[in-house]
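**Student:**
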Amino acid sequence: MREVGKERSLLGNLFLISVVTLAFETVVFRIFAFLFGYHFVSLLLALALLGYGVAGSVGMRIPLSFKENLPGVLGCSLIFFFLGLCLLPLDPYGLFLRPFSLLALGGMLLFTLLPFFWHGLVQVVAFERFPRHFSRFYGFNLLGSAVGVGVGLGGLWFLEESRVILLLALIGVLGRMRMVWRVAFAGFLLLIFFSPLQMYRSPYSPSLLLREIPENTLLKTYRNPVETMEVFSTPSSRVGWGLSVRFAGVPPSSFTL
Numbered sequence: 083m084r085e086v087g088k089e090r091s092l093l094g095n096l097f098l099i100s101v102v103t104l105a106f107e108t109v110v111f112r113i114f115a116f117l118f119g120y121h122f123v124s125l126l127l128a129l130a131l132l133g134y135g136v137a138g139s140v141g142m143r144i145p146l147s148f149k150e151n152l153p154g155v156l157g158c159s160l161i162f163f164f165l166g167l168c169l170l171p172l173d174p175y176g177l178f179l180r181p182f183s184l185l186a187l188g189g190m191l192l193f194t195l196l197p198f199f200w201h202g203l204v205q206v207v208a209f210e211r212f213p214r215h216f217s218r219f220y221g222f223n224l225l226g227s228a229v230g231v232g233v234g235l236g237g238l239w240f241l242e243e244s245r246v247i248l249l250l251a252l253i254g255v256l257g258r259m260r261m262v263w264r265v266a267f268a269g270f271l272l273l274i275f276f277s278p279l280q281m282y283r284s285p286y287s288p289s290l291l292l293r294e295i296p297e298n299t300l301l302k303t304y305r306n307p308v309e310t311m312e313v314f315s316t317p318s319s320r321v322g323w324g325l326s327v328r329f330a331g332v333p334p335s336s337f338t339l
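Numbering (our numbering) for the sequence shown: 83 to 339.
So, in structure tokens, the structure goes:
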């Protein structure tokens with residue numbers, strides 16, 4: 083009976099970590115495309131494979147007591163990713179001009195790799211401890227991964243990317259913690275969730291440049307899993323779309339997407 087209980091607990095952990103990790107990957111695809119451009123998206127796949135590979139290589143050497151708390155560890159690593167996203171100057175235009183930008187990028191890539199490492203590690207634990215039930219654990223892993231993609235896409239309908247990451251961190255830490263720690267951690271996450279911290283944007287971002295002009299006003303932000311569209315009222319727009327280049331007057335007020 084005790085073994086059955088351990089197996090069910092591990093199945094639950096595996097499912098939960100699969101959900102969180104694949105939702106994380108779905109959201110980070112969007113973040114990398116937004117911050118660095120679409121050519122950086124393939125980097126995420128390389129980091130995921132590296133994380134799984136490292137977990138398979140060193141998983142047997144990590145103490146079992148640590149492995150049993152992987153959902154909480156995963157949640158904490160997502161918080162570090164969120165803080166890195168908001169506090170590190172991830173400016174693609176300055177990568178080769180300011181050495182610290184390369185350092186910040188290296189730290190961010192490490193934070194990106196960690197969730198995949200924990201996901202790989204929980205699979206190593208499951209297959210090592212219950213080799214006869216390989217198919218059951220593999221099935222739960224695939225099911226959690228499928229649910230995770232849906233969770234990631236669903237979150238992007240309603241929340242800004244960095245807030246979806248915090249929501250995933252909350253799901254992770256609720257998996258394996260004492261009640262007092264769950265409440266404390268949930269309170270801490272809610273505090274960050276409603277804080278003014280925002281994802282770092284390059285000073286050269288068109289969205290930030292539009293905000294620098296005093297008369298411009300952000301009217302509304304539309305979100306869906308594919309894109310984020312911001313609508314500005316731009317009475318002092320520097321350009322008039324559709325006007326001749328010979329137009330000598332002041333461009334009329336307009337809306338900018």
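Every residue gets a Cβ at the ideal spot worked out from N, C-alpha and C, and that includes glycine.
Taking the C-alpha atoms as reference points, what is the distance between glutamate 60 and arginine 283?
**Tutor:** Outside the shown range of the chain, which is 83 to 339, sits residue 60, and nothing can be said about it.
**Student:** Going by DSSP, what residues sit across from lysine 88 in a beta bridge?
**Tutor:** Lysine 88 is not bridged to any residue.
**Student:** Excluding the 5 residues flanking valine 233 on each side, which residues of the same chain have their C-beta closer than 7 angstroms to its C-beta?
**Tutor:** Val101, Ala105
**Student:** Which word fits methionine 83, buried or exposed, when buried means at least 16 other C-beta atoms lie within 10 angstroms of its C-beta?
**Tutor:** Per-residue confidence for methionine 83 stands at a pLDDT of 49, beneath the threshold of 50, marking its modelled position as unreliable; no derived number is given.
**Student:** Reducing DSSP to helix, strand and coil, say where methionine 83 ends up.
**Tutor:** Any reading at methionine 83 is ruled out, since the residue's pLDDT is 49, under 50, leaving its predicted position unreliable.
**Student:** Less than 7 angstroms between the beta carbons of proline 197 and threonine 103, yes or no?
**Tutor:** Note that the C-beta distance between proline 197 and threonine 103 is below 7 angstroms.
**Student:** Answer with buried or exposed for leucine 273, where buried requires no fewer than 16 other C-beta atoms within 10 angstroms of its C-beta.
**Tutor:** exposed
**Student:** Apart from the five residues on each side of it in sequence, which residues of its chain come closer than 6 angstroms, Cβ to Cβ, to leucine 117?
**Tutor:** Leu172
**Student:** Between valine 82 and the rest of its own chain, which residues show a CB-CB distance below 7 angstroms, the 5 nearest in sequence each way excluded?
**Tutor:** Since the displayed the chain opens at 83 and closes at 339, residue 82 lies outside it and no answer follows.
**Student:** Short check: CB of alanine 228 to CB of leucine 96, under 7 angstroms?
**Tutor:** no
**Student:** In three-state DSSP terms, what is leucine 170?
**Tutor:** coil
**Student:** Could you pull the start and end residues of the beta strand (DSSP E) that leucine 256 belongs to?
**Tutor:** No beta strand (DSSP E) holds leucine 256; DSSP gives it neither H nor E.
**Student:** Might you give, ordered along the chain, the residues of its own chain that have their beta carbon closer than 8 angstroms to the beta carbon of serine 159, omitting 5 neighbours on each side?
**Tutor:** Phe193, Leu196, Pro197, Trp200
**Student:** Measuring CA to CA, which of Gly202, Glu210, Tyr304, Leu292 is closest to proline 317?
**Tutor:** Leu292
**Student:** Would you check if the distance between the CB atom of glycine 141 and the CB atom of leucine 93 is smaller than 7 angstroms?
**Tutor:** no
**Student:** List the whole-angstrom C-beta distance separating leucine 129 from leucine 191, where the pair is believed to meet the contact cut-off of C-beta under 8 angstroms.
**Tutor:** 6 angstroms
**Student:** State the Cα-Cα distance for the pair phenylalanine 240 and phenylalanine 216, rounded to the nearest angstrom.
**Tutor:** For phenylalanine 240 and phenylalanine 216, the gap between their C-alpha atoms comes out near 37 angstroms.
**Student:** For the alpha helix (DSSP H) that tyrosine 134 lies in, which residues bound it at each end?
**Tutor:** 123-140
**Student:** Could you check if glutamate 243 is buried or exposed, using at least 16 other CB atoms within 10 Å of its CB as the buried criterion?
**Tutor:** buried
**Student:** Check each candidate in Glu89, Pro285, Leu300, Arg112 and name the one with the smallest Cα separation from glutamate 309.
**Tutor:** Arg112
**Student:** What does DSSP give as the partner residues of tyrosine 304 in its beta bridges?
**Tutor:** Met311
**Student:** Let me check understanding here. Comparing Cα to Cα, which of Gly188, Pro174, Tyr134, Pro181 lies closest to phenylalanine 163?
**Tutor:** For the residues Gly188, Pro174, Tyr134, Pro181, the minimum Cα distance to phenylalanine 163 belongs to Gly188.
**Student:** Would you list the one or two residues that DSSP bridges to threonine 299?
**Tutor:** Ser315
**Student:** State the CB to CB distance for the pair phenylalanine 254 and proline 153, rounded to an integer number of angstroms; the pair is presumed to be in contact (CB under 8 angstroms).
**Tutor:** The sequence shown places glycine at residue 254, not phenylalanine. Contact flag correct, Cβ pair sits at about 5 angstroms.
**Student:** If contacts are defined as beta-carbon pairs under 8 angstroms, then serine 287 and leucine 301 qualify, I think. What distance do you get, rounded to the angstrom?
**Tutor:** About 18 angstroms; that fails the 8 angstroms criterion.
**Student:** Go ahead and pull the three-state DSSP assignment for glutamine 205.
**Tutor:** helix
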